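Colleague:
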Amino acid sequence: MFSLKFYRESRTRIVSNTVVMLLALIGFVRFQFEPEQPTIFANLVVEIYAPLQKGMTRIKGAVFNFYDHYLNIVNTSKNNDFLQKRIADLTSEVFELSSLKQENLRLKSLLAFGEKIPYKKVLGQIIGWDASAENKILRIDKGSLDGIQIKSAVITADGLVGYTYKVYQNYTDILTIIDNNNKVDVVIDRTRTHGIIEGTSHMFCRMKYVPKSEEVFIGDVLVTAGLSLIYPKGIKVGQIVNIKLSAEDLTQEITVKPSVDFTKLEEVVVLTAPAESEISALESTAMPIASP
37 MFSLKFYRES RTRIVSNTVV MLLALIGFVR FQFEPEQPTI FANLVVEIYA
87 PLQKGMTRIK GAVFNFYDHY LNIVNTSKNN DFLQKRIADL TSEVFELSSL
137 KQENLRLKSL LAFGEKIPYK KVLGQIIGWD ASAENKILRI DKGSLDGIQI
187 KSAVITADGL VGYTYKVYQN YTDILTIIDN NNKVDVVIDR TRTHGIIEGT
237 SHMFCRMKYV PKSEEVFIGD VLVTAGLSLI YPKGIKVGQI VNIKLSAEDL
287 TQEITVKPSV DFTKLEEVVV LTAPAESEIS ALESTAMPIA SP
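In terms of our numbering, the sequence shown opens at residue 37 and continues consecutively.
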């Protein structure tokens, strides 16, 4: 009984599979694509349209390539602009850092030099310069509100600059030693020979009232004599660069190059008030003739 049922199911499954395969074969044969021979008109149309289609395809490809190339150029240009701007920013930052470093070095040098002088000090930034034929005047960004007083000595780490002759609330004008209205009592550091220097029309000074009998050499260094209430004693003023002797003159004609380079001056220190012991020493040795 079981064998008969199994036989019938197997036969039915075989018949069903056979029918499905026959239907699939018939469908494949029936719907198989049969190539057709193109007509004369179709050939004519293709011969005319195909070159146009080929050209349009090339144009389309060229347009896409141009557009891609253009986008690449635009992106590259944008990247270059960004990089150029970044390079400019970095260059500016490096320059600013370098300027700050140089300024810090100058300020440290000024402060270190100022520690040796028993005066109160005000650090000033130069904001103006009047270098006309007759006047050599500097203006700094500090004034009476900062404790600056008239006729206060002005120095740098290199030496003497001048003295304050006009003091405003927030600004001060400085009469430099290269101005011919400024007179400074000095001594030659090597021989302690006294004299007075005054400015000339150029960036030099002349030393006056040095007798011919005094031994003076080119290269001798001049320092303040400290015989007035303005300039402390011992501040470097300049160096002798030329000496002229005349038979009819009683004194030597001496040219002095200031120790301060006024063409590169940026900051100065104003000595506002000496210590009490310094005031006493200055008053005891003061000479009116040396006052500017």
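We treat Cβ as the ideally placed atom computed from N, Cα and C, and that holds for glycine. From a predicted model like this one, the values you see are computed outputs, not experimental measurements.
By the 10 Å Cβ neighbour count, where 16 or more other Cβ atoms means buried, how is N91 classified, buried or exposed?
Modeller: The residue given as residue 91 occupies position 55 in the sequence shown. Strictly speaking, residue 91 in this sequence is Gly, with Asn absent from that position. It is exposed - the Cβ of G91 has fewer than 16 other Cβ atoms within 10 Å.
Colleague: Are the segment 244 to 264 and the segment 219 to 235 touching, with three or more C-beta to C-beta distances below 8 Å?
Modeller: Yes, they touch.
Colleague: Nearest by alpha-carbon distance to P247: which of L281, I266 and V197 is it?
Modeller: Within the sequence shown, the letter at position 211 stands for residue 247. Closest by alpha carbon: L281.
Colleague: Can you give me the Cβ contacts of D182 inside the same chain, cut-off strictly under 6 Å, excluding the 5 residues immediately before and after it?
Modeller: Counted from its first residue, the sequence shown places residue 182 at position 146. For D182, where only same-chain residues beyond five positions count, the Cβ hits under 6 Å are V158.
Colleague: Beta carbon of I191, beta carbon of V304: below 9 Å?
Modeller: Walking along the sequence shown from the start, residue 191 turns up at place 155. Walking along the sequence shown from the start, residue 304 turns up at place 268. In this structure, V304 lies closer than 9 Å to I191 by Cβ.
Colleague: Compare the Cα-Cα distances from G198 to each of Q120, N101, Y204 and C241 and report the closest residue.
Modeller: Counting from 1 along the sequence shown, the entry for residue 198 is found at position 162. Nearest option by C-alpha distance: C241.
Colleague: Name, in chain order, the residues that DSSP records as bridge partners for E303.
Modeller: Numbered from its first residue, the sequence shown carries residue 303 at position 267. DSSP lists Q161 as partners of E303.
Colleague: Beta-carbon within less than 6 Å of D166's beta-carbon, same chain only, minus the 5 sequence neighbours each way: which residues are those?
Modeller: Taking the sequence shown and counting its residues from 1, one reaches residue 166 at position 130. Cβ within range, chain order: I173.
Colleague: Give the single residue among G195, P268 and T229 whose Cα lies nearest to the Cα of P294.
Modeller: Against the sequence shown, residue 294 aligns to sequence position 258. Of G195, P268 and T229, the residue nearest in Cα terms is G195.
Colleague: What separation, rounded to the nearest whole angstrom, lies between the Cα atoms of G164 and K114?
Modeller: Numbered from its first residue, the sequence shown carries residue 164 at position 128. Numbered from its first residue, the sequence shown carries residue 114 at position 78. Distance between the alpha carbons of G164 and K114 is about 43 Å.
Colleague: Using the Cα positions of K272 and R228, report the straight-line distance between them to the nearest angstrom.
Modeller: As a first step, residue 272 must be located in the sequence shown, where it is residue number 236. As a first step, residue 228 must be located in the sequence shown, where it is residue number 192. Spanning the two alpha carbons is a distance of roughly 13 Å.
Colleague: Where does L263 land, buried or exposed, given buried means 16+ other C-beta within 10 angstroms?
Modeller: The residue given as residue 263 occupies position 227 in the sequence shown. Per the 10 Å Cβ criterion, buried.
Colleague: Have a look at K156 and T308 and give me their C-alpha separation to the nearest angstrom.
Modeller: By 1-based counting over the sequence shown, the position of residue 156 is 120. By 1-based counting over the sequence shown, the position of residue 308 is 272. Near 5 Å, if we compare the C-alpha coordinates of T308 and K156.
Colleague: Taking the alpha carbon of I162 as the reference point, which residue from T212, F118 and I153 has its own alpha carbon closest?
Modeller: Walking along the sequence shown from the start, residue 162 turns up at place 126. Checking every option, the nearest Cα to that of I162 belongs to T212.
Colleague: Compute the beta-carbon to beta-carbon distance between G179 and T208, rounded to the nearest angstrom, for a pair I have assumed lies under 8 Å.
Modeller: Working through the sequence shown from its first residue, we reach residue 179 at position 143. Working through the sequence shown from its first residue, we reach residue 208 at position 172. Indeed, because the Cβ distance is near 5 Å, the residues count as touching under 8 Å.
Colleague: I need the straight-line Cα distance from E284 to T200, nearest angstrom please.
Modeller: In the sequence shown, counting from the first residue as 1, residue 284 sits at position 248. In the sequence shown, counting from the first residue as 1, residue 200 sits at position 164. E284 and T200: Cα-Cα distance of roughly 38 Å.
Colleague: Just verifying my parser: in three-state terms, what is the DSSP assignment at Y267?
Modeller: The count along the sequence shown starts at 1 and reaches residue 267 at position 231. In this structure, Y267 counts as coil in the three-state DSSP scheme.
Colleague: Leaving aside the five residues before and after Q275 along the sequence, list all residues of the same chain whose C-beta is less than 8 Å from its C-beta, in chain order.
Modeller: The sequence position of residue 275 within the sequence shown is 239, counting from 1. Excluding sequence neighbours, Q275 sits near G255, D256, V257, L258, V292, K293 and S295.
Colleague: Excluding sequence positions up to five away, which residues of its chain have a Cβ less than 7 Å from the Cβ of K269?
Modeller: On the sequence shown, position 233 is the one that residue 269 refers to. If we look at K269 and ignore the five residues flanking it on each side, its Cβ neighbours are T260, A261 and G262.
Colleague: Using a Cβ-Cβ cutoff of less than 6 Å, which residues in the same chain neighbour Y267 once the five nearest sequence positions on both sides are dropped?
Modeller: Here residue 267 is taken as the residue at index 231 of the sequence shown, counted from 1. For Y267, where only same-chain residues beyond five positions count, the Cβ hits under 6 Å are A189 and T260.
Colleague: Quick check on DSSP: helix, strand or coil for P324?
Modeller: Counted from its first residue, the sequence shown places residue 324 at position 288. Confidence at P324 is low in this model, with a pLDDT of 39, below 50, so its placement is unreliable and the value that follows should be read with caution. DSSP places P324 in helix when its eight states are reduced to three.
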